[in-house]
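Per this note's numbering, residue 1 is the first one in the sequence shown, and the count goes up by one each step.
Cβ coordinates follow ideal geometry from the N, Cα and C atoms, glycine included.
Computed from a prediction, not measured in an experiment: that's the story for all the values here.
To start, the structure itself, in structure tokens.
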Amino acid sequence: MLENVLHDRDFGVAMERHVEDVLEILLKKNICFSILANMTDINFEPALPKKIRSTFRSITVFFLAGYTFESCIIDKNIISFEAGFGQENYSSLVSISLSSILQIIVDETPILINLSVASKNEYKNKKKGIKRSMEVLLSNPENEKLLK
């Protein structure tokens, strides 16, 4: 039963909204925090050198304080911030899908734990399926009157 809930798409969407709500509260109140995130859905622009990227584990913590915190924005289910990496302080824009955030931590204490394991691909596939269904529906001229 628990597995069904944790893998449920609707539960995943609800957790993603909850992650966004908590992040927005922290940003609004200027409370620095850390994010524990799954590296599979994290983008770096520009890409990090292999020497730096290879030091990351599959689940990594990002500390958002100072300029990193100030540069933080949330847009379209993605949190983005500028950060420096390695001894050279290599600068990169980090973009993390909210569904990939596993924990939000304040003062070394998790204040949010995302238990959802519904994958990002499941959301994308659902959206593609809806789009395709609509395209098929609209490809028949007889169905245009349904939209009026």
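* Kindly indicate which residue of Pro49, Asn43 and Ile74 has the alpha-carbon position closest to the one of Glu88. => Pro49
* Using only alpha-carbon positions, find the residue among Glu3, Asp8, Asn4 and Glu20 that is nearest to Gln103. => Glu20
* Return the residue from the list Ser116, Ile35 and Tyr90 that minimises the CA-CA distance to Ile59. => Ile35
* **Euclidean distance between Cα positions of Ile31 and Val94** => 19 Å
* Consult DSSP for Ser54 and reduce its assignment to one of helix, strand or coil. => coil
* Asked: Going by C-alpha distance, which of Glu24, Ser80, Arg57 and Lys76 is nearest Thr68?
  -> Ser80
* To do: Tell me whether the beta-carbon of Ile74 lies closer than 8 Å to the beta-carbon of Ala37.
  => no
* Cα separation between Ile106 and Glu70? -> Ile is not the amino acid found at residue 106; the sequence shown has Val there. Those two C-alpha atoms are separated by around 16 Å.
* By how many angstroms is the C-alpha of Asp8 removed from the C-alpha of Met1? -> 11 Å
* Can you tell which of Ser91, Ala65 and Val117 has its C-alpha closest to the C-alpha of Phe33? -> Ala65
* Nonlocal neighbours in the same chain, by C-beta distance under 8 Å from Thr40, ignoring five residues either side -> Ser58 and Ser100
* Extent of the continuous alpha helix (DSSP H) to which Leu27 belongs -> Arg9 to Lys28
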